[in-house]
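Since the structure comes first, as C-alpha cells, the remarks are kept for the end.
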Amino acid sequence: MTDAATQPTAQQAGAKTGISALTKKRYAAEKRFRLYGIIAVTIGVLALVMLLTSILSRGLPAFSQTFITADIYLDPAILDPEETRDPTEIAKVMTFSYAPIISASLGALAEELQAGPVPDASPQLLADMISGAANAQLRDYVISHPDEIGETVEFEFLANARIDQYMKGNVTRVSAEADSRVSPVQLDIADALEQEGLLVKRFNWAFITAPDASENRPEAAGLGVALIGSAYMMLIVLVLALPIGVAASIYLEEFAPKNRVTDLIEVNISNLAAVPSIVFGILGLAIFINFMHLPNSAPIVGGLVLTLMTLPTIIISTRASLKSVPPSIKEAALGVGASRMQAIFHHVLPLAMPGILTGTIIGLAQALGETAPLLLIGMVAFVRDYPEGLPAGLFEPATGLPVQVYNFTQRADPAFVERASGAIIVLLAFLVVMNAIAIFLRQRLERKW
Amino acid sequence: MSLVDDSVKPVTTEEPKAEWDSREKAAKSVKIHSKDVDVYYGDKQAIMGVSLDIGANQVTSFIGPSGCGKSTFLRCLNRMNDTIPICRVQGTIELDGGNIYDPNIDVVELRARVGMVFQKPNPFPKSIFENVAYGPKIHGLTRSKTELEELVTSSLKRAGLWNEVKDRLNEPGTGLSGGQQQRLCIARAIATRPEVVLMDEPCSALDPIATAIVEELIDELRSKYTIIIVTHSMQQAARVSQRTAFFHLGKLIEFGQTEDIFSNPKEKQTEDYITGKIG
Chain L
55 MTDAATQPTA QQAGAKTGIS ALTKKRYAAE KRFRLYGIIA VTIGVLALVM LLTSILSRGL
115 PAFSQTFITA DIYLDPAILD PEETRDPTEI AKVMTFSYAP IISASLGALA EELQAGPVPD
175 ASPQLLADMI SGAANAQLRD YVISHPDEIG ETVEFEFLAN ARIDQYMKGN VTRVSAEADS
235 RVSPVQLDIA DALEQEGLLV KRFNWAFITA PDASENRPEA AGLGVALIGS AYMMLIVLVL
295 ALPIGVAASI YLEEFAPKNR VTDLIEVNIS NLAAVPSIVF GILGLAIFIN FMHLPNSAPI
355 VGGLVLTLMT LPTIIISTRA SLKSVPPSIK EAALGVGASR MQAIFHHVLP LAMPGILTGT
415 IIGLAQALGE TAPLLLIGMV AFVRDYPEGL PAGLFEPATG LPVQVYNFTQ RADPAFVERA
475 SGAIIVLLAF LVVMNAIAIF LRQRLERKW
Chain D
3 MSLVDDSVKP VTTEEPKAEW DSREKAAKSV KIHSKDVDVY YGDKQAIMGV SLDIGANQVT
63 SFIGPSGCGK STFLRCLNRM NDTIPICRVQ GTIELDGGNI YDPNIDVVEL RARVGMVFQK
123 PNPFPKSIFE NVAYGPKIHG LTRSKTELEE LVTSSLKRAG LWNEVKDRLN EPGTGLSGGQ
183 QQRLCIARAI ATRPEVVLMD EPCSALDPIA TAIVEELIDE LRSKYTIIIV THSMQQAARV
243 SQRTAFFHLG KLIEFGQTED IFSNPKEKQT EDYITGKIG
C-alpha cells in the first residue's frame, strides 16, 4: 500500500495540469480490466484441465482389457453327441452347456497352481475368473469350425470385470473379502497367471467396436452400436438440416418481404433455438412415432428430432454470415445484370460459406451430444444387434453415444464407471474429428479469397 | 507521369468551340428521357418532379450537396433502387424511347444495357479475369472461350488496365490498388457492352493520381458510351462532363452545358453552391 503515500502528490500534479490524474485513472482501469480478463481465462483453462484430467484418468483404462489364455478341449460328448459335425445340429447346443467344457478344461491348470503358488486354486474358481461372455465366444468358434471338435484349442478369453479391475488397481484384497463375485484366492491366481504370461492386459478394440453387454459382464460392453447410431443420426441431421436451414436463411435474408409475418417467423426461430431439447423429444414422440408410425429407437427418428433441434442454430448462424457479406458485392453483381439469385449463389453464398459451415458444425456437435430427446423416443433401449447398412439401418434399433454414457452410468457394477468415462472420450474424439473437418473445409474455402 | 499532367487540365474547356458545337448537335439524339420523376423512400420523398434528357455519347455530371438526391436519381436509371423494398419510383424514364419501368422490361437485360460503377471499388473476390468475364458469361455474350478471352482483353484495354494486369489475370482482383480496382470495375461494367455507364462518385475513394487516370479514361469512353457521373467535386464535373445537372433537396435546380453552369449560372442556388456558399 505504498500508493497511499504517493497519492497526494499525484493529485497535486493532477490539479496542476488537469490531465495526469485522469490519465492515471484510465491506465489503472485498463490494468484492472486486463487482470479480470486473465483471471477469467485462467478459470476457464483450469476447469477444462480438471475436466480432461478427470475424464482421461478414469476413462483411458477402459481402452485396455485383461485377457486370460486357456487351452480348451472341445468335448465331442457335449458338443456333438451324434458325431454329425453338422453346424445346424451343433447350433442346438446352447451357450449354457459350454460352461462345463471350460471348467473341465481348466482342471490341469488348477492342479498345476495347487502344486505351486496357490494351494487353494480350483477349476471352478478359475472358470469364474473368465468372463460370462466366454461361453458365447466359444460357441461361435465351434459353430464356424465344426471339424475342430474333439481337439484342444488355445483361446484368449476376456477376464471377469473384477479380475480386470484388480489388474487396473481398483480391486484390492480387502475389497475382495467383502465381494461375493471375487475372492482373494482368485486374485492370487491372477498374479500367478500373469507371471506365467497366461494373463495379459492389452489394448481392447472391442470397447469401440463391440455392442453393449448386460449388467453383469461390463468387461464385454462396447460402443459399436452407439457409434453406428450416432453416425447415422449425424448423417440425417447433415443431409436434412443443412439444405433446409440454408434455404430458409437465404429466403428470409434475401427474398422475404419485411412484414409482420416474417417478423413473427424470425422471432419464433430465435425462440426455437432456446427451447429445451426434451421438448423436441416429446414432439418427436408425438409426431414421428405416434402419428407417422416410424419405428421406436430408430436412428431415423433420432435424426429427425435432432434436425428439428439443430435447424434454428443453423438458420441463425447462416443468416449472420449472409449479413456479414459486404452489400457492395451483391450490388456489383446486380450492377452487371446478374439476377438476384445469381448474385446470391455466385457471390454472396461462397463468401458466407465458411460461416455457414461453422454454424452447421456447431449445430451438429450440439446434436451429437444431445441425450434428452433420444431418451423419449426410445433410443435408450439395450441394443446388442448392429443395425444394417444404409438405408435399411436407419429404421433398426440403435442407441447414440451420449445415451450409451447415460446407460453405463445407470448400471450398478463399478466397472461401468471407467466404461462411461471411456465412452465420453470416444464422444469427445468424435467431436474433435468433426471440428477438424469443419476447420479444414473452412480453410479450403477461405483460400479462395 | 505524363498521364497526370494531361488529364489534370480541364478537358472540356480546352476543346475547340467548333468541335464542341458539332458534338452538341450529335447529342440531340436523346439517350435517356425522364419526365416528372418522383422517388419515395417510404413516406419520405427523395426526388421531386425531375425531368431531364441525357444525350448520347456525352458525359453528363450530377452535382449537388450530400443528400440532394443525385445518387438516388442515378440509381433509378438502371433500376438499382428496386433492391430497396421501401423505395417507390413514379414518372417516366425512357431509354431509347422505351419505358424502363414497363412491367415487360426485364431488369436484368436493362442492367446489361446500363452498366454501373460504384463509389467504393467493389471487385468480386475472384480473379481479375473472372471479374471481367462474369457479366458476359451470365448474359451469354460470347460463344467460345477465345471470344470471351478477347472480350476480356478488349475491355481491360479500354479501361486502360491491360498493361498493368496482363501478366496476372489469374490473381485476385482484390489484390490491386484502389485506382486499379476502380478501373477493373469500369472494365467489368463495359464488358457487357452497355450503351450507358452510370458512375456513382467513382473517384471519391481514390487518390489524385488515380483520379486523374480515371478521369482521362472517362473522357475516352465517351466516344462509345453515354456516361452519367455523380460527383462531389465541382472541378471534376467541369473537367470531364459536357453537361451538368445541379440537384438540391431532391429537385433539379439547373441543367445545361457544363461551361454555362460554372461560368454563368442562371439560378441563385446554383451560384451559391458553386461559389461555396451552400453545400
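Protein sequence lines, in the order shown, are assigned to chains L and D.
Just so we're aligned, residue 55 is where the first sequence starts under the numbering used here, counting upward by one.
Just so we're aligned, residue 3 is where the second sequence starts under the numbering used here, counting upward by one.
For every residue, glycine included, the Cβ atom is placed at its ideal position computed from N, Cα and C.
Neighbourhood of residue i by C-beta distance below 6 Å, restricted to the same chain and skipping five residues each side
| i | result |
| --- | --- |
| residue 175 (chain L) | 164, 167, 168, 243 |
| residue 495 (chain L) | 411 |
| residue 102 (chain D) | 95, 112 |
| residue 210 (chain L) | 121, 123 |
| residue 371 (chain L) | 413 |
| residue 283 (chain L) | 353, 452, 453, 454 |
| residue 409 (chain L) | 375 |
| residue 29 (chain D) | With a pLDDT of only 47 at residue 29 (chain D), under 50, the local geometry of the prediction cannot be trusted, and the value read off the model is given with reservation. Here the set comprises 57, 60. |
| residue 35 (chain D) | 55, 96 |
| residue 159 (chain L) | 126, 127 |
Rounded straight-line distance, which links the Cα of residue j to that of residue i
| i | j | result |
| --- | --- | --- |
| residue 233 (chain L) | residue 471 (chain L) | 17 Å |
| residue 89 (chain D) | residue 39 (chain D) | 13 Å |
| residue 313 (chain L) | residue 86 (chain D) | 14 Å |
| residue 345 (chain L) | residue 196 (chain D) | 59 Å |
| residue 243 (chain D) | residue 393 (chain L) | 31 Å |
| residue 3 (chain D) | residue 160 (chain D) | Note that residue 3 (chain D) scores 37 on pLDDT, short of 50, meaning its location in the model is unreliable and no value can be drawn from it. |
| residue 214 (chain D) | residue 404 (chain L) | 35 Å |
| residue 136 (chain L) | residue 146 (chain L) | 12 Å |
| residue 386 (chain L) | residue 81 (chain L) | 45 Å |
| residue 171 (chain L) | residue 235 (chain L) | 22 Å |
| residue 473 (chain L) | residue 462 (chain L) | 7 Å |
| residue 168 (chain D) | residue 424 (chain L) | 55 Å |
| residue 204 (chain D) | residue 71 (chain D) | 17 Å |
| residue 379 (chain L) | residue 323 (chain L) | 22 Å |
Buried versus exposed, by CB contacts within 10 Å (16 or more), residue i
| i | result |
| --- | --- |
| residue 487 (chain L) | exposed |
| residue 90 (chain L) | exposed |
| residue 296 (chain L) | buried |
| residue 305 (chain L) | exposed |
| residue 325 (chain L) | exposed |
| residue 217 (chain D) | buried |
| residue 212 (chain D) | buried |
| residue 249 (chain L) | exposed |
| residue 285 (chain D) | Because chain D in this structure spans residues 3 to 281, residue 285 (chain D) falls outside the shown range and cannot be described. |
| residue 247 (chain L) | buried |
| residue 347 (chain L) | exposed |
| residue 340 (chain L) | exposed |
| residue 98 (chain L) | exposed |
| residue 87 (chain L) | exposed |
| residue 108 (chain D) | exposed |
Option in the options with minimal Cα separation from residue i
| i | options | result |
| --- | --- | --- |
| residue 178 (chain D) | D:204, D:216, D:130 | D:130 |
| residue 157 (chain D) | D:147, D:123, D:233, D:192 | D:192 |
| residue 432 (chain L) | L:366, L:375, L:354 | L:354 |
| residue 194 (chain D) | D:144, D:45, D:121 | D:144 |
| residue 265 (chain D) | D:239, D:252, D:251, D:280 | D:239 |
| residue 226 (chain L) | L:299, L:241, L:212, L:215 | L:241 |
| residue 153 (chain D) | D:210, D:190, D:221, D:65 | D:190 |
| residue 116 (chain L) | L:492, L:389, L:468, L:491 | L:468 |
| residue 37 (chain D) | D:65, D:135, D:253, D:229 | D:253 |
Neighbourhood of residue i by C-beta distance below 7 Å, restricted to the same chain and skipping five residues each side
| i | result |
| --- | --- |
| residue 267 (chain D) | 256, 273, 276 |
| residue 127 (chain D) | 174, 176 |
| residue 149 (chain L) | 189, 190, 193 |
| residue 78 (chain D) | 39, 41, 91, 95 |
Contacts around residue i, its chain only, beta-carbon distance under 8 Å, and the 5 residues preceding and following it disregarded
| i | result |
| --- | --- |
| residue 294 (chain L) | 357, 358, 361 |
| residue 259 (chain D) | 26, 244, 245, 246 |
| residue 139 (chain L) | 200, 201, 203 |
| residue 155 (chain L) | 126, 127, 128, 129, 132, 133, 192 |
| residue 350 (chain L) | 343, 431, 432, 435, 451 |
| residue 5 (chain D) | For residue 5 (chain D), the pLDDT reaches just 41, beneath the cut-off of 50, and the residue's location in the model is therefore unreliable, although a value from the coordinates is still provided. 214, 215, 218, listed in sequence order. |
| residue 256 (chain L) | 118, 119, 121 |
Continuous alpha helix (DSSP H) assignments of at least 4 residues falling wholly in the stretch 201-237 of chain L: 215-221, 227-232
Completely contained beta strand (DSSP E) runs for the stretch 186-250 of chain D, where each covers 3 or more residues: 198-202, 228-232, 245-250
4-residue-minimum alpha helix (DSSP H) runs that sit fully inside the stretch 416-486 of chain L, ordered along the chain: 426-430, 455-464
Alpha helix (DSSP H) runs wholly inside the stretch 94-166 of chain D, at least 4 long, in chain order: For the stretch 94-166 of chain D, whole alpha helix (DSSP H) runs of length 4 or above, ordered along the chain, are 109-115, 130-141, 147-160.
Segments assigned alpha helix (DSSP H), at least 4 residues, entirely inside the stretch 246-314 of chain L: 260-263, 278-304
Inside the stretch 316-354 of chain L only - alpha helix (DSSP H) runs reaching at least 4 residues: 331-338
Unbroken stretches of the beta strand (DSSP E), 3 residues or longer, contained in the stretch 100-181 of chain L: As summarised for the stretch 100-181 of chain L, the continuous beta strand (DSSP E) elements at least 3 residues long and confined to that stretch are 118-127, given in chain order.
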